[in-house]
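In this note's numbering, the protein residues as written are 1 to 240.
Ideal Cβ placement from N, Cα and C applies to all residues, glycine included.
Note that the coordinates shown come from a computational prediction; the quantities given were computed from them, not determined experimentally.
First the structure, in the form of structure tokens, and then the observations on it.
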């Protein structure tokens, strides 16, 4: 009975884990703000938090320790550069030897070049076909929350402003239609969709608020599908 509870607990844990969502929140108003996380945990990626300067971090003892640390870092950097130079020389030597061997191998493999090129072309075509099929399927798992898209358009003059306003308005409509067709789009209540000209302004201003979510289960499913494709490709190459 205890073993059954343990198994049920493990199953429940993974079910909850795979049902959690990867989240990315993008908001642009006065400044760009990007938050990302998994499940209930969200971290602010942009903007970075300003480091608090504390007086106790600049005592004589800590300054002396910081100088020693910098000196040690310079010593390690010098050693690393010396090792890098030695490795570069050794690499050049091996490269020359490899070039000599490759030239000999090329002469011996002239008869098999056509078959090799055909196999390479077949692999590239299979990869492109897989990408064209898999990427839209992966994107379709995204859940998109649309909250705001507000653009105030400015140009060099009135005519330029009018042209830009029409272009950006069309692009905004196309973006929404693309998100609606390719992702699971949800437009929040009170969402702002606005593109308007400003004939006396100096620069175009954007205000954006989008939220993207993706279940971990979807990522695992796509990963397993990709792994299966790679295995099938490897088996096909082996048989060939």
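9 Å Cβ cutoff met for residue i and residue j
i: residue 139; j: residue 206; result: no
i: residue 209; j: residue 147; result: yes
i: residue 170; j: residue 149; result: no
i: residue 220; j: residue 22; result: no
i: residue 134; j: residue 222; result: yes
i: residue 33; j: residue 41; result: no
i: residue 197; j: residue 226; result: no
Cβ-Cβ separation, residue j to residue i (assumed contact under 8 Å), whole Å
i: residue 35; j: residue 43; result: 7 Å
i: residue 195; j: residue 165; result: 6 Å
i: residue 144; j: residue 199; result: So it is not a contact: roughly 33 Å between Cβ atoms.
Range of the contiguous beta strand (DSSP E) that encloses residue i
i: residue 145; result: 143-153
i: residue 245; result: An answer regarding residue 245 cannot be provided, because it is not within the stretch 1 to 240 covered by the chain.
i: residue 44; result: 41-46
Rounded straight-line distance, which links the Cα of residue j to that of residue i
i: residue 184; j: residue 69; result: 52 Å
i: residue 153; j: residue 31; result: 18 Å
i: residue 142; j: residue 79; result: 48 Å
i: residue 7; j: residue 18; result: 17 Å
i: residue 38; j: residue 20; result: 7 Å
i: residue 114; j: residue 124; result: Residue confidence is low: residue 114 scores 46 on pLDDT, short of 50, so the model does not pin down where it sits. No coordinate-derived value is stated.
i: residue 167; j: residue 188; result: 25 Å
i: residue 217; j: residue 59; result: 51 Å
i: residue 90; j: residue 76; result: 21 Å
i: residue 65; j: residue 176; result: 56 Å
i: residue 13; j: residue 228; result: 26 Å
i: residue 156; j: residue 178; result: 30 Å
i: residue 16; j: residue 85; result: 51 Å
i: residue 234; j: residue 126; result: 12 Å
i: residue 239; j: residue 232; result: 11 Å
i: residue 102; j: residue 96; result: 10 Å
i: residue 202; j: residue 29; result: 17 Å
i: residue 48; j: residue 131; result: 35 Å
i: residue 163; j: residue 204; result: 13 Å
Segment limits, alpha helix (DSSP H) that includes residue i
i: residue 156; result: No alpha helix (DSSP H) holds residue 156; DSSP gives it neither H nor E.
i: residue 228; result: 216-239
i: residue 7; result: 2-19
Beta bridge counterpart(s) of residue i as assigned by DSSP
i: residue 192; result: 148
i: residue 203; result: Looking at the DSSP assignment, residue 203 forms no beta bridge with any residue, so it has no partner.
i: residue 22; result: 38, 214
i: residue 187; result: 146
i: residue 209; result: 27, 148
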